[in-house]
Ligand SMILES: [Zn+2]
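Numbering (the UniProt record's numbering), first residue to last: 1 to 273.
Shown next, in the form of structure tokens:
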């Protein structure tokens, strides 16, 4: 695990974590081919178009990865795919259970409803549901597999800051590359099956518009939580409708400070001074 990360829960077979360093953008743009001929093809919008999964080059040779993408592309899926890739490598002695080969595949997902991407707890809730379904369905004696479900901050989500994504990662191990890939494929099928169930499960999410600021009074510095109200005519607060500046009264010391409610780091609005 990276330094800048925290493990949310860990059980045999699955690690769920959140990281605090933004590495990715949704959507991301393609790049020129690398010297080895491989290429980052950029985002392909599969939303509502599962029949186009065959266009995804990174998944071309993986029925399991295609199955995961197909579930994420389904019109009733609450999350969609942004990026995916897969690898196979000889990891030598580091492999669990004496297996030297590891095959891994990941899919970066995010909520179609941008507001839900602001609170990484929502991604963690999805991860817990995904894991619950996998744990119920998996036959752990069939193949050596592991899952890593990680909520990560995004640099940007369609131009908006303070959003997160959820990376779903399946790992399979074996004594040969073929065996490791077969293990990974079975792990990917478990993720796909879990996502199919997830679409039928009501999951609770929060549009986080409870923010916290730290009182600007140097002698106080108490946390002040405050709710942001929805705009007239809308049921949930819309980020873009927030005022750029907001005056907030500290109930502890009675001093009013000014904050930027649209500029938030780790759930805290940034003071104007
Ligand atoms: Zn105060």
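Beta carbons: idealized from backbone N, C-alpha and C, even for Gly. Note that this is a predicted model, so its numbers are computed, not measured.
Would DSSP call residue i helix, strand or coil?
i           : result
residue 152 : strand
residue 100 : coil
residue 2   : Only weak support exists for where residue 2 lies, its pLDDT of 49 falling under 50; the value from the coordinates is given anyway. It is coil, neither helix nor strand.
residue 12  : coil
residue 236 : Low confidence applies to residue 236: its pLDDT is 49, below 50, so where it sits in the model is not reliable, and the reading given next is rough at best. The answer is coil: DSSP assigns residue 236 none of H, G, I, E or B.
residue 120 : helix
residue 208 : Model confidence at residue 208 stands at a pLDDT of 47, short of 50, so the residue's coordinates are unreliable and nothing is read from them.
residue 216 : coil
residue 192 : helix
residue 160 : strand
residue 115 : helix
residue 61  : coil
residue 169 : strand
residue 257 : strand
residue 22  : coil
residue 78  : coil
residue 69  : helix
residue 94  : helix
residue 181 : helix
residue 249 : strand
residue 46  : coil
How many Å lie between residue i and residue j at the Cα?
i           : j           : result
residue 260 : residue 149 : 32 Å
residue 74  : residue 49  : 7 Å
residue 161 : residue 141 : 43 Å
residue 76  : residue 253 : 49 Å
residue 117 : residue 104 : 25 Å
residue 125 : residue 6   : 15 Å
residue 274 : residue 45  : This structure cannot settle anything about residue 274, because the visible part of the chain is limited to 1 through 273.
residue 181 : residue 163 : 33 Å
residue 30  : residue 83  : 11 Å
residue 190 : residue 25  : 27 Å
residue 248 : residue 119 : 22 Å
residue 42  : residue 212 : 36 Å
residue 245 : residue 258 : 7 Å
residue 138 : residue 21  : 32 Å
residue 13  : residue 179 : 18 Å
residue 135 : residue 143 : 14 Å
residue 8   : residue 224 : 25 Å
residue 196 : residue 56  : 20 Å
residue 236 : residue 243 : Note on residue 236: pLDDT 49, under 50, position unreliable in the model; no value is reported.
residue 36  : residue 62  : 21 Å
residue 23  : residue 167 : 12 Å
residue 80  : residue 199 : 12 Å
residue 215 : residue 251 : 10 Å
residue 60  : residue 218 : 58 Å
residue 129 : residue 255 : 43 Å
residue 91  : residue 183 : 15 Å
residue 10  : residue 107 : 20 Å
residue 66  : residue 99  : 26 Å
residue 93  : residue 220 : 54 Å
Can you tell me the Cβ-Cβ gap for residue i and residue j, rounded? I've got them flagged as a contact below 8 Å.
i           : j           : result
residue 72  : residue 109 : 6 Å
residue 16  : residue 101 : At roughly 25 Å, the Cβ-Cβ gap does not stay under 8 Å, so residue 16 and residue 101 are not in contact.
residue 68  : residue 188 : 6 Å
residue 122 : residue 193 : In fact, because the Cβ distance is near 22 Å, the residues do not count as touching under 8 Å.
residue 64  : residue 185 : 4 Å
residue 18  : residue 151 : 4 Å
residue 86  : residue 58  : 7 Å
residue 177 : residue 53  : Contact flag wrong, Cβ pair sits at about 24 Å.
Let me check you understand the geometry: is the CB of residue i closer than 7 Å to at least one non-hydrogen atom of ligand 2?
i          : result
residue 76 : No copy of ligand 2 appears in this structure; the ligands present are ligand 1.
For the pair the region 170 to 179 and the region 110 to 118, tell me if three or more CB-CB distances fall below 8 Å.
no
Residues around ligand 1, please: the condition is that the C-beta lies closer than 6 Å to some non-hydrogen atom of it.
215, 217, 220, 222, 250, 252, 253 and 255
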